[in-house]
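J.: Handing you a structure now.
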C-alpha cells in the first residue's frame, strides 16, 4: 500500500498533459499484461470469482476469449474481463 500512496503523490505532481497521456498508456499496458497473465492461468472448468454488479460471484469458466472469459454462475452466463477474475479452489 505504501507504493500506491507514493504513486498517487507522484501523479498529483504531474503538470504536463503529455506525461499524463504517457502514464495512461503505461497503465493500459499494465492492465493488459495482468489480464493476459490471468488468462494463462485459467482453463475451461476452473472455478473463479469476481466482484460485479450483483456483488461477489462465483462460477465456472465456460470459454476463454482474448480479453474476456465466459463464466457460468447461478444467475446465468456472464462475459467477464480477465482482470476482474480470481481463481478459486472449489465451486460452492
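In my numbering, the protein residues as written are 4 to 95. Glycine is no exception: its CB is placed at the ideal position from the N, C-alpha and C atoms.
1) Beta-carbon separation of residue 67 and residue 42 under 8 Å?
2) Between residue 64 and residue 45, how many whole angstroms is the CB-CB distance? I'm expecting something under 8 Å.
3) What does the alpha-carbon distance come out to for the pair residue 34 and residue 25?
4) Do residue 91 and residue 52 come within 8 Å of each other at the CB atom, strictly closer than that value?
5) Between which residues of its own chain and residue 83 is the CB-CB distance below 6 Å, once the five residues before and five after are set aside?
6) Could you pull the DSSP bridge partners for residue 61 from this structure?
7) Which residue from 20, 27 and 61 puts its Cα closest to that of residue 89?
8) State the DSSP-derived secondary structure class of residue 82, mapped to helix, strand or coil.
T.: Once the coordinates are examined:
1) The answer is yes: Cβ separation under 8 Å.
2) The C-beta separation of residue 64 from residue 45 comes to about 6 Å, placing the pair in contact by the 8 Å criterion.
3) Distance between the alpha carbons of residue 34 and residue 25 is about 14 Å.
4) Yes, they are a contact pair.
5) The beta carbon of residue 83 sits closer than 6 Å to the beta carbons of 53, 72 and 74 from its chain, once the five residues preceding and following it are set aside; these are given in chain order.
6) According to DSSP, which records beta bridges pairwise, residue 61 is partnered with 52.
7) Considering only 20, 27 and 61, the residue with the shortest C-alpha distance to residue 89 is 61.
8) DSSP places residue 82 in strand when its eight states are reduced to three.
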